[in-house]
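Down below is the structure, laid out as structure tokens.
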Amino acid sequence: MSTSRELLQTLVGFDTTSRESNLHLIEFVRDYLAGFGVSSELVYNEERSKANLFASVGPVELPGIVLSGHTDVVPVDGQPWTVPPFELTERDGKLFGRGTADMKGYIACVLAMVPALVAAPLRMPVHIALSYDEEVGCLGVRSLLKVLEERPVKPMLCIIGEPTELKPVLGHKGK
Ligand SMILES: [Zn+2]
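Okay, so the sequence shown: first residue is 140 according to our numbering, each after it adds one.
Right, here's the structure in full:
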């Protein structure tokens with residue numbers, strides 16, 4: 140079983156700057172979930188260089204909760220980093236690395252909870268939705284939404300772990 144910190148270390152290690160492929164990260168998550176008997180659905184872009192991932196735990200015939208995060212990060216070019224951006228570094232009790240807050244930290248926490256979710260008698264499903272190309276205009280998630288729209292059972296709500304200074308933001312003006 141991996142801790143959220145170990146998972147974050149792995150996730151930060153993948154350079155998923157929006158211009159790069161995110162498949163190495165997605166394949167890692169797919170394999171991790173498979174280790175707990177959770178299967179993933181990948182929704183690729185046209186070039187098959189990037190993918191969204193959707194996975195479910197619990198009774199999928201009921202509306203459930205989506206935990207969602209984007210896998211891409213903004214570039215580090217020309218920025219005065221004092222630590223290697225694609226390695227997790229701890230300093231003064233804080234973890235540094237590109238995407239630790241926005242938003243691989245959330246994804247790591249979600250993934251760390253998977254063994255507990257699998258073991259729990261869930262009364263509604265918990266879905267994990269990871270997207271690509273958020274930082275360049277929320278582009279990647281659209282193909283995933285198209286797939287989900289066609290399902291007979293739609294999720295009840297979605298919790299997106301985007302950093303909002305630890306204050307809940309209950310909606311978005313939309314993209
Ligand atoms: Zn973000």
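Ideal placement from N, C-alpha and C gives every residue a C-beta, glycine not left out.
Note that the coordinates shown come from a computational prediction; the quantities given were computed from them, not determined experimentally.
How about residue i and residue j: are their beta carbons less than 7 angstroms apart?
i    : j    : result
T210 : L250 : no
L206 : V168 : no
V196 : V286 : no
P294 : P198 : no
A255 : S143 : no
M242 : G300 : yes
P223 : V215 : no
V182 : L283 : yes
A173 : I267 : no
S157 : E274 : yes
If you drop the 5 nearest sequence neighbours on each side, which residues of the same chain put their C-beta closer than 6 angstroms to that of residue i?
i    : result
S188 : S160
L261 : G197
H311 : none
Name the two residues that bound the continuous alpha helix (DSSP H) containing residue i.
i    : result
E288 : V280 to E288
L164 : L162 to A173
V249 : G244 to A251
S108 : With the chain running from 140 to 314 in the structure shown, residue 108 is simply not present.
Taking the straight line between their C-alpha atoms, what separation do you get for residue i and residue j?
i    : j    : result
V177 : G152 : 23 angstroms
R230 : L269 : 28 angstroms
K233 : G244 : 12 angstroms
E288 : R281 : 10 angstroms
D272 : E226 : 21 angstroms
G313 : L146 : 30 angstroms
G186 : G208 : The question names Gly, but residue 186 is Glu in the sequence shown. About 22 angstroms.
P302 : A240 : 6 angstroms
V308 : A259 : 28 angstroms
Starting from residue i, trace the beta strand (DSSP E) both ways and give me its first and last residue.
i    : result
C297 : L296 to I299
G208 : I204 to H209
E229 : T228 to R230
A190 : A190 to V196
Please return the same chain residues whose Cβ sits closer than 8 angstroms to the Cβ of residue i, not counting the five positions on each side in sequence.
i    : result
M263 : G197, P198, L201, P202, G203, I204 and M295
L162 : S188, K189 and A190
I298 : I204, V205, L206 and S207
Mind checking if residue i is an interface residue toward chain D, Cβ cutoff 7 angstroms exclusive?
i    : result
R144 : In the displayed structure, chain D is absent; only one protein chain is listed.
Can you find the residues in the same chain that come closer than 7 angstroms, C-beta to C-beta, to residue i, ignoring five residues on each side of it along the sequence?
i    : result
F235 : V222 and T228
Q148 : L227
Point to revise | Residues proximal to ligand 1 by C-beta, any heavy atom closer than 6 angstroms | key: H209, D241, M242, E273 and E301
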